[in-house]
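Visitor:
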Amino acid sequence: MNILLAVFFISGIFCSTGKPFGWITSKPTATFTQSNSQAQMSIHWSTRRSGDQHNISRQDKGRSYSAKEVTKNGTKLYILNETDISLIKGKVSTMVVPALYSLVFAIGVPANLIALWVLLFKVKRLPSTILLINLALTDLLFLLFLPFKIVYHFLGSIWIFGETLCRIGTAFFYGNMYGSVLCLMFISIDRYLALIHPFAAKRLRSKGLALFFNILVWVIVLSSMSLFTFTQQTYNFTNTDIVTCHDFIPKEKQNTMFLYYFMALVCLEFLLPFAVIVFCCFRIVRCLMKSQDDHTRALKITVLVVVVFAVCFLPSNIVLLLLYSRFSNLYFEYIVCLVLSSFNSCIDPFIYYYVSEDFRSKICLSFTWTVKNQKSDSSTRFLKGETLSSTKKNSIGYL
Numbered sequence: 001m002n003i004l005l006a007v008f009f010i011s012g013i014f015c016s017t018g019k020p021f022g023w024i025t026s027k028p029t030a031t032f033t034q035s036n037s038q039a040q041m042s043i044h045w046s047t048r049r050s051g052d053q054h055n056i057s058r059q060d061k062g063r064s065y066s067a068k069e070v071t072k073n074g075t076k077l078y079i080l081n082e083t084d085i086s087l088i089k090g091k092v093s094t095m096v097v098p099a100l101y102s103l104v105f106a107i108g109v110p111a112n113l114i115a116l117w118v119l120l121f122k123v124k125r126l127p128s129t130i131l132l133i134n135l136a137l138t139d140l141l142f143l144l145f146l147p148f149k150i151v152y153h154f155l156g157s158i159w160i161f162g163e164t165l166c167r168i169g170t171a172f173f174y175g176n177m178y179g180s181v182l183c184l185m186f187i188s189i190d191r192y193l194a195l196i197h198p199f200a201a202k203r204l205r206s207k208g209l210a211l212f213f214n215i216l217v218w219v220i221v222l223s224s225m226s227l228f229t230f231t232q233q234t235y236n237f238t239n240t241d242i243v244t245c246h247d248f249i250p251k252e253k254q255n256t257m258f259l260y261y262f263m264a265l266v267c268l269e270f271l272l273p274f275a276v277i278v279f280c281c282f283r284i285v286r287c288l289m290k291s292q293d294d295h296t297r298a299l300k301i302t303v304l305v306v307v308v309f310a311v312c313f314l315p316s317n318i319v320l321l322l323l324y325s326r327f328s329n330l331y332f333e334y335i336v337c338l339v340l341s342s343f344n345s346c347i348d349p350f351i352y353y354y355v356s357e358d359f360r361s362k363i364c365l366s367f368t369w370t371v372k373n374q375k376s377d378s379s380t381r382f383l384k385g386e387t388l389s390s391t392k393k394n395s396i397g398y399l
């Protein structure tokens, strides 16, 4: 856990500095002027050295380095210069990013699979359990798309899976990321009601309401991701084998359609849930501190929830807004921050599920009985939801 948090801290520094590695001195490049068959396009990188930044006019500060669009026989062709190509195929994009995504995948998939299995079959189906099932499912779906991004970056930004899968995958990637944010918000509300308003919670916390929240999450996610499925996401270049997926869009779309889209997305599906989570956790901390009982562990976990959420999602969403504005050139920083946000999917199981001693006991006991005696009566009683103490007693009597 401490190692993962250290990785997040280092990655957060990368996101905030603008020069995460010494060999990168990228700043906005001059854009191509439109004439005849040539039109200005942009890709999410920058190539001009920092010493030349004062030569860039305010209106030229788009998202990154420019690519030249040439129309030949009615077909639009795109050209990148050699410097830009070397940046795209650099070590950070082709080695560091896929390595970090692979780490997230290797930890997150088994952790969420085990958590989902326990939540579905080993614990009582409470309203909070239903919300946690949706969180585990959302994180798992997010992680299952990572192999496509790993291959994409490892090949040097060459998308080999086609336009349709790029559109679906992009919507899948962002959708499940923001779906996790919404799930965390509803889980925080559920815990807030249970602790701060216990009498109202008896009336408000129901399986039906929890199921409604889960459905609402998916309705919001599916509707908000529709833009990715209806707009072109892949682009080829004539002088290189690079085939980008979501990393290259016309500049006019960047400064209009996508800018307003991501402004709404960040405000409604990140800032609002983040404010709700902070409020709920703040009230929970105040309540625990006023209690005469020792709630040190619960306090630490509550604070950890807010810290992990902020560290994972805040940098990427801030950079996302700046990235799609015409005054920022932060795509490299956003790539690093996007990797950082993906770590949330492998941390969630440890701060929402495995932190519970009873949850860990159910996992250990289940695997023990599965290996030793799958057909024992005590194992059967455990599957029906008996408590840990009664299971131990019955198993001793059986043996």
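The numbers in the sequence shown follow full-length UniProt numbering, run straight up by one, and end at 399.
For every residue, glycine included, the Cβ atom is placed at its ideal position computed from N, Cα and C.
The model shown is predicted, which means the values in this text are computed figures rather than measured ones.
Measure the C-alpha to C-alpha separation of Y178 and V221 and round it to an integer number of angstroms.
Guide: Each residue's alpha carbon lies about 7 Å from the other.
Visitor: What whole-angstrom Cβ distance do L182 and I284 have, given they're in contact under 8 Å?
Guide: Actually they are not in contact, since the Cβ atoms of L182 and I284 sit about 19 Å apart, beyond 8 Å.
Visitor: Pick helix, strand or coil for T238, following the three-state DSSP scheme.
Guide: Looking at T238 - three-state DSSP - the assignment turns out to be coil, as it is neither helix nor strand.
Visitor: Can you give me the C-alpha to C-alpha distance between L155 and S223, rounded to a whole angstrom?
Guide: Those two C-alpha atoms are separated by around 32 Å.
Visitor: Where K91 and F309 are concerned, what is the direct C-alpha to C-alpha distance, given to the nearest angstrom?
Guide: The alpha-carbon atoms of K91 and F309 are separated by roughly 28 Å.
Visitor: Using DSSP's beta-bridge definition, name the partner residues of I220.
Guide: Paired residue(s): none; I220 is not in a bridge.
Visitor: Measuring alpha carbon to alpha carbon, tell me which of P349, I347, S316, I351 ends up nearest Y334.
Guide: Among P349, I347, S316, I351, the Cα nearest to that of Y334 is on S316.
Visitor: Along the chain, where does the beta strand (DSSP E) containing V243 start, and where does it finish?
Guide: It spans 243-245 - the beta strand (DSSP E) in which V243 sits, taken as one unbroken run.
Visitor: State yes or no: is the C-beta of I189 within less than 9 Å of the C-beta of K89?
Guide: Cβ distance not < 9 Å, so I189 and K89 don't count as in contact.
Visitor: Give the range of the alpha helix (DSSP H) segment to which C166 is assigned.
Guide: Taken as a continuous stretch (DSSP letters only), the alpha helix (DSSP H) holding C166 covers 163-196.
Visitor: Just verifying my parser: in three-state terms, what is the DSSP assignment at Y78?
Guide: Y78 falls in the strand class under three-state DSSP.
Visitor: Do R167 and T231 have their C-beta atoms within less than 9 Å of each other?
Guide: Yes, the Cβ-Cβ distance between R167 and T231 is below 9 Å.
Visitor: For I215, count neighbouring C-beta atoms within 10 Å of its own C-beta (all shown protein chains included) and say buried if the count is 16 or more, exposed if not.
Guide: I215 is exposed by the Cβ-count criterion.
Visitor: Using the C-alpha atoms, what's the distance from L365 back to F262?
Guide: In a straight line, the C-alpha of F262 is about 46 Å away from that of L365.
Visitor: Just to confirm my understanding: we take T138, look at its own chain, exclude 5 residues before and 5 after, and list those with CB closer than 6 Å. What are they?
Guide: So the qualifying residues of the chain are N176, G179, S180, C183.
Visitor: In three-state DSSP terms, what is K290?
Guide: Here K290 sits in helix by DSSP.
Visitor: With contact counted as at least three CB pairs below 8 Å, one residue from each stretch, are the stretch 342-357 and the stretch 96-113 in contact?
Guide: Taking 8 Å as the limit for Cβ pairs, the verdict is that the stretch 96-113 does touch the stretch 342-357.
Visitor: Determine the direct distance from the alpha carbon of V219 to that of L140, and round the result to whole angstroms.
Guide: Rounded to the nearest angstrom, the two C-alpha atoms are 18 Å apart.
Visitor: If I'm right that L116 touches V339 with Cβ under 8 Å, what's the distance once you round it to whole angstroms?
Guide: Actually they do not touch by this definition, with Cβ atoms about 24 Å apart.
Visitor: Whole-angstrom Cβ separation of L193 and L204, contact assumed at under 8 Å?
Guide: L193 to L204, Cβ: 6 Å. Contact.
Visitor: With a threshold of 6 Å on Cβ separation, who are the neighbours of T170 within its own chain once the five nearest residues in sequence on each side are excluded?
Guide: Excluding residues within five positions, the ones whose Cβ falls inside 6 Å are F228, Q233, H246.
Visitor: Count the other CB atoms within 10 Å of the CB of A6; is the residue buried (16 or more) or exposed (fewer)?
Guide: Confidence at A6 is low in this model, with a pLDDT of 48, below 50, so its placement is unreliable and no value can be given for it.
Visitor: So, using beta-carbon positions, are V97 and V336 closer together than 9 Å?
Guide: Yes, the pair counts as a contact, with Cβ atoms nearer than the cut-off.
Visitor: Per DSSP, I150 forms a beta bridge with which residues?
Guide: DSSP output for I150 lists no bridge partner at all.
Visitor: Between the Cα of L268 and those of V303, M225, Y235, S291, spot the shortest distance and give me the residue it belongs to.
Guide: Among V303, M225, Y235, S291, the Cα nearest to that of L268 belongs to M225.
Visitor: Pull up the distance between the alpha-carbon of K122 and that of I363, whole angstroms please.
Guide: Cα to Cα, K122 sits roughly 8 Å from I363.
Visitor: What is the DSSP secondary structure of F158, counted as helix, strand or coil?
Guide: In the sequence as presented, Phe is not what sits at residue 158; that position holds Ile. I158: strand per DSSP, three-state reduction.
Visitor: L259 and S325 - do their beta-carbons sit closer together than 9 Å?
Guide: Taking 9 Å as the Cβ cut-off, S325 and L259 qualify as a contacting pair.
Visitor: Any idea what DSSP makes of T296, helix, strand or coil?
Guide: It is helical.
Visitor: Can you tell me whether DSSP reads L126 as helix, strand or coil?
Guide: It is coil, neither helix nor strand.
Visitor: When you compare only the Cα positions, how much space is there between Y353 and C281?
Guide: So the alpha carbons of these two residues sit roughly 17 Å apart.
Visitor: Leaving out five residues before and five after L135 in sequence, what residues of the same chain have Cβ atoms less than 8 Å from its Cβ?
Guide: Once the five neighbours on either side are set aside, the close Cβ partners of L135 are S180, C183, L184, I187, D348, Y352.
Visitor: Taking DSSP as the reference, what is the three-state secondary structure of S325?
Guide: The answer is coil: DSSP assigns S325 none of H, G, I, E or B.
Visitor: Check F313 in the structure and name its three-state DSSP category.
Guide: F313 falls in the helix class under three-state DSSP.
Visitor: According to the neighbour-count rule (16 or more other Cβ atoms, all chains shown, within 10 Å of its Cβ), is S341 buried or exposed?
Guide: It counts as buried.
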